[in-house]
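Please read the structure below before turning to the comments.
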Amino acid sequence: MCCSGAAVWSHSVVATDQPVTTMTTLIQTGRYSVMAAQPTTGQRDLLSVTRAITIPGDIDSVGEALHWMLRDSGYRLAADAVLSEEAKAMLALPLPAVHRRFEPMPLQTVMGLMIGPAFHLIQDPVHRLIAFERCAEFSVPNATGGAQ
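Position in the sequence shown (first residue = 1) + 8 = my numbering.
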């Protein structure tokens, strides 16, 4: 009897050293299924929400399309006063037909495709603002349309 008591005691010591998994973080959703009670990736990072996007036909520019896409995201485009002239010019460009429909992908990826490789997205999570900055590896074109 003494040996079995020691065995139980030694297992209880091991059990306290291991992390405890509680059932309070799981919610039963069906007879045999449970799910974790935690936020989704999209709830933690608003721009990582995966959506299929179809831009309406009455939207003509890249900037209008971005405003439309961000309408339910919690983010908005930064004011024109803080955007560079290059970013404003990019936002005024006509929306390409190929950018009117996107299969399900993260919102941040769609915005990156729309602004193109010459710009990168700047995210202000405190104020939930989106702005754009010209990438350093792209040279500024001269008046003739070529690179300097």
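Glycine included, every Cβ here is placed at the ideal spot set by N, Cα and C.
Quick caveat, the model's predicted, so the values are computed rather than measured.
L137 versus T62 - alpha carbon distance: So the two alpha carbons sit approximately 22 angstroms from each other.
Quick check on I67: does DSSP put it in helix, strand or coil? In the three-state reduction of the DSSP assignment, I67 falls in the coil class.
DSSP three-state label for R79, please. In the displayed model, R79 falls within coil according to three-state DSSP, outside both helix and strand.
How about Y40: is its Cβ closer than 6 angstroms to a heavy atom in the ligand ZN? In terms of ligand content, the structure shown is empty, and the ligand ZN therefore cannot be addressed.
I'd like to check one pair, H107 with M119: are the Cβ atoms closer than 7 angstroms? Not a contact, by the Cβ cut-off of 7 angstroms.
Hey, quick one: how far does the alpha helix (DSSP H) through E145 stretch, first residue to last? DSSP places E145 outside any alpha helix (DSSP H), giving it a letter other than H or E.
Length-filtered (3 minimum) beta strand (DSSP E) runs lying within the region 86-125: Here the runs fully enclosed are 109-114.
Is it buried or exposed, V90, if we count other Cβ atoms within 10 angstroms and call 16 or more buried? Classification for V90: exposed.
Where does A73 sit, in a helix, a strand or coil, going by DSSP? In the structure shown, A73 sits in a helix (DSSP, three-state: H, G or I).
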